[in-house]
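Read in order, the letters of the sequence shown are residues 1325 to 1557 in our numbering. These notes concern the structure reproduced below.
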Amino acid sequence: MKKLEAYIEKLGLSRDPETLDLYRRYRDEVLRRNESINLTAVRDPDEFEEKHLVDSLSVFEVEAFRQAKRVLDVGTGAGLPGIPLAIAMPGTQFVLMDSVRKKLTQVEEIASLLLLDNVTVIHARAEEAASKPDFRESFDFVVSRAVANLSTLCEYTLPYVRQGGSFAAYKTRSAMDEIREAERAAEVLGGGRMQVVEPFGAESGHILVCIEKIRPTPKGYPRKAGTPAKLPL
């Protein structure tokens, strides 16, 4: 996995054999299970390395993420970006959330196989779990690679971010109009100005849209399940 190793070196992350083996085992396990349950559209190991592993780690180019001790991954799917990030940051606690139980079951089993004791999974819709005291405004950093409008993603994620924490969405370079349209949603939900980061390792074409949480999210948000997607702010 030469591309991954080269990127990890640029980021200054651990390249010890045990850590590199965890990335490899995660990739292989997802692809093996992908034959019977649809976890990812990517089926080639080299493509998985570039589009999933390297891409997931690009958030390390955001300094605030490196300081996080509790991270939430909303819409984790096959465990992305949560599992690669948890491998890279064994001292940070990661909560991986998804509404699709069958995928989450696979992710939980894979995390257990890899002995990632800093990973917890939760089966829930983002709109519903945000009302729980243990989750609301309790995370240093929230990430999401979920395919959703950025205004919708802001409503899914910002209620979980503590004041002074941040949210990062993995978006494509073609999303600039979407980013401008989401500014109001971010403001309503307690976010500050958006910062767009173009990672030097972003061969997948992703950029990172980062929003700092500067004030509490009003109690009425997120709205009931389904509403943020149907009626973005």
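Glycine included, each C-beta is placed from N, C-alpha and C at the ideal position. Bear in mind the structure is a predicted one, so any value in this text is a computation, not a measurement.
| Asked | Found |
| --- | --- |
| Residues near Phe1389 by beta carbon distance below 6 Å, same chain, minus five either side | Val1383, Phe1465 |
| Chain-order list of residues whose beta-carbon lies under 8 Å from that of Arg1348 (same chain, five-residue window excluded) | Met1325 |
| Which of helix, strand or coil DSSP assigns to Ile1332 | helix |
| Per DSSP, cross-strand counterpart(s) of Gly1515 | Lys1537 |
| Neighbourhood of Gln1487 by C-beta, 8 Å cutoff - its chain only, sequence neighbours within 5 removed | Glu1461, Gly1514, Lys1537, Ile1538, Arg1539, Pro1540 |
| Rounded C-alpha distance that separates Asp1441 from Thr1400 | 17 Å |
| Own chain residues within Cβ distance below 6 Å of Val1354, not counting five before or after | Leu1363, Ala1402 |
| Whole-angstrom distance between Glu1371 and Tyr1270, CA atom to CA atom | Outside the shown range of the chain (1325 to 1557) lies residue 1270, about which nothing can therefore be said. |
| CB contact flag (Glu1451, Pro1546, <7 Å) | yes |
| Delimiting residues of the beta strand (DSSP E) encompassing Leu1409 | It is not in any beta strand (DSSP E) - Leu1409 instead sits in the alpha helix (DSSP H) that spans 1406 to 1412. |
| Val1467 - DSSP class collapsed to helix/strand/coil | strand |
| Proximity of Val1419 and Leu1404 at Cβ, strictly below 7 Å | no |
| Option nearest Asp1504 by Cα separation, candidates Ser1468, Leu1474, Ala1492 | According to the sequence provided, residue 1504 is Arg. The question's Asp does not apply to it. Comparing Cα-Cα distances from Arg1504 to each of Ser1468, Leu1474, Ala1492, the minimum goes to Leu1474. |
| Counted within 10 angstroms of its Cβ, other Cβ atoms place Glu1333 as buried (16 or more) or exposed | exposed |
| Residue(s) in a DSSP beta bridge with Phe1418 | Val1395, Val1443 |
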